[in-house]
Amino acid sequence: MDPAFITPFIASVQNVFSTMMQLPVQLGDPSVKMTPAVSYDVSGIIGMSGDVVGNVVISLPMPTALRLVALFTGTEMKADNPDFADAIGELANMISGNAKGMFAGKKRVQISCPSVVIGSNHTVARPKDVPCIVIPASTDCGQFVIEIAVAQRENTQAQSADATAEANA
Amino acid sequence: MRILLIDDSKTMRNIQKSVLAQLGHTTVEEACDGQDALNKVGAFQPELILVDWNMPNMDGLTFVKNFRQTNKNTPLIMVTTESEKARVIEAIKAGVNNYVIKPFTPDLLSQRITETLAKRAA
Chain A
41 MDPAFITPFI ASVQNVFSTM MQLPVQLGDP SVKMTPAVSY DVSGIIGMSG DVVGNVVISL
101 PMPTALRLVA LFTGTEMKAD NPDFADAIGE LANMISGNAK GMFAGKKRVQ ISCPSVVIGS
161 NHTVARPKDV PCIVIPASTD CGQFVIEIAV AQRENTQAQS ADATAEANA
Chain B
2 MRILLIDDSK TMRNIQKSVL AQLGHTTVEE ACDGQDALNK VGAFQPELIL VDWNMPNMDG
62 LTFVKNFRQT NKNTPLIMVT TESEKARVIE AIKAGVNNYV IKPFTPDLLS QRITETLAKR
122 AA
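Those protein sequences? They're chains A and B, same order as listed.
First residue of the first sequence: 41, per the numbering used here; consecutive thereafter.
First residue of the second sequence: 2, per the numbering used here; consecutive thereafter.
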């Protein structure tokens, strides 16, 4: 995967957590994930379309998710409260939206409204042939991961190559 | 002052309501998308609107274009993750008066609300 799709998410997750929750985030080394199952029990999912294709998942263990939601909303709540999923979805929305603004070049990228899945051993379908990169993150509220399966759409790759060739001609 | 908050996230509306309360604004109506907002503006007659961009049913930009067909004066602040320059220009051309990029600090949102209302009063 093009590292230009990874770096913005590293900056974005730190920006969102520090701005909205005053919560520092330590990020580990990205790695390629081979299995379709998400890492933890709570997933905030955002689809990306336009010049890119794919999706981004913020995957959290339940205890981390409960602590983060309490900090973000200022209210302790259980996972079956509809506001819990709303808060996880808004975090995923801000991380993805902020990251797409940092993508290199003038890409036209749209993000979907967030979906949230709660439950152990669930999977999130990803586009075929798009590798999933996992970035581990650690905070005072616990650990979580960002799973990024995003690639440039093939026809826009060809257009970019044409534009580069024209510019160099 | 009557203020309409349009965002599909209740969490985000609550954060914005908290900032408004600190500024002394408590007459707040909420809408969960652009269509819901269009249904409410007639009865509520907002004097300030904060609107998200990406929402189901009707997005914020479509709401702004629809709303501005009949109301040129009520100040609108777009509060969104859309940070690309082209998107900001698109929103301003549609009739948005000010722009706040998520994530934001309470101080920044408060400042944008205050300056938007000050320009309207001038």
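Note that the Cβ used here is the ideal one computed from N, Cα and C, for glycine as well.
Source: prediction; values computed, not measured.
- Sixteen is the threshold: when 16 or more other Cβ atoms of the shown chains lie within 10 Å of the Cβ of A:LYS140, as they do, the residue is buried.
- If the five residues before and after A:ARG193 are omitted, its C-beta is found closer than 7 Å to the C-beta atoms of ASP91, VAL92, VAL93, all from its own chain and listed in chain order.
- In terms of Cα proximity to A:PRO76, the closest of A:ALA119, A:MET142, A:LYS168 is A:LYS168.
- Just so you know, the alpha carbons of A:GLN66 and B:GLN46 end up roughly 46 Å apart.
- Look at the segment 49 to 77 of chain B: the residues with a C-beta under 8 Å from a C-beta of chain A are ASN55, MET56, PRO57.
- Contact between A:GLY137 and B:LYS103 holds: their C-beta atoms lie close to 7 Å from each other, under 8 Å.
- Contact between the segment 148 to 163 of chain A and the segment 54 to 63 of chain A is not established, with fewer than three Cβ pairs separated by less than 8 Å.
- Where B:ILE4 is concerned, the enclosing beta strand (DSSP E) starts and stops at 3 to 7.
- B:ASN58 sits in coil when the DSSP states are folded into three classes, being neither helix nor strand.
- Every alpha helix (DSSP H) of 4 residues or more that sits fully in the segment 9 to 43 of chain B is shown, in chain order, as 11 to 23.
- Rounded to whole angstroms, B:ILE114 and A:VAL109 show a C-alpha spacing of 26 Å.
- Under the Cβ criterion of 9 Å, B:ALA87 is counted among the residues facing chain A.
- Interface residue (Cβ-Cβ distance to chain B less than 9 Å): A:ASN138 is classified as such.
- Within the DSSP secondary-structure output, B:ASN99 pairs in a beta bridge with B:ILE78.
- For B:LYS103, the chain A residues whose Cβ falls inside 9 Å of its Cβ are VAL56, THR59, MET60, GLU130, ASN133, MET134, GLY137, ASN138, in order along the chain.
- Here B:ILE50 is buried, its C-beta having at least 16 other C-beta atoms within 10 Å.
- Straight-line spacing of the CA atoms in B:THR27 and B:ILE7 works out to 15 Å.
- Only residues of its own chain outside the window of five on either side were considered, and among them VAL20, GLN23, LEU24 have a CB closer than 8 Å to the CB of B:SER111, listed in chain order.
- Neighbours of A:GLY84 across chain B, judged by C-beta separation under 7 Å, do not exist; the nearest C-beta is about 11 Å away.
- For A:ILE151, the chain B residues whose Cβ falls inside 7 Å of its Cβ are ASN55, in order along the chain.
- Neighbours of A:THR163 in chain B, taken as residues whose beta carbon is under 9 Å from its own, are absent, since the nearest beta carbon is some 24 Å off.
- With respect to the 9 Å criterion, B:THR106 and A:GLU130 are not classified as neighbours on the basis of their beta carbons.
- Bridge pairing for A:PRO176: A:VAL185 [DSSP].
- A:SER83 and A:ASP126 have their C-alpha atoms some 12 Å from each other.
- Here the C-alpha atom of B:ASN15 lies approximately 8 Å from the C-alpha atom of A:THR113.
- Your pair B:LYS41 and B:GLU30 checks out as a contact, with CB atoms roughly 6 Å apart and the cut at 8 Å.
- Distance from the Cα of B:MET59 is smallest, within the candidate group B:LEU77, B:VAL80, B:ASN74, B:ASP37, for B:ASP37.
- DSSP places B:ILE90 in the helix class (H, G or I) of the three-state scheme.
- Excluding five sequence positions before and after B:THR117, the CB atoms of its chain that fall closer than 6 Å to its own CB belong to PRO76, ILE78, ASN98, ASN99, given in chain order.
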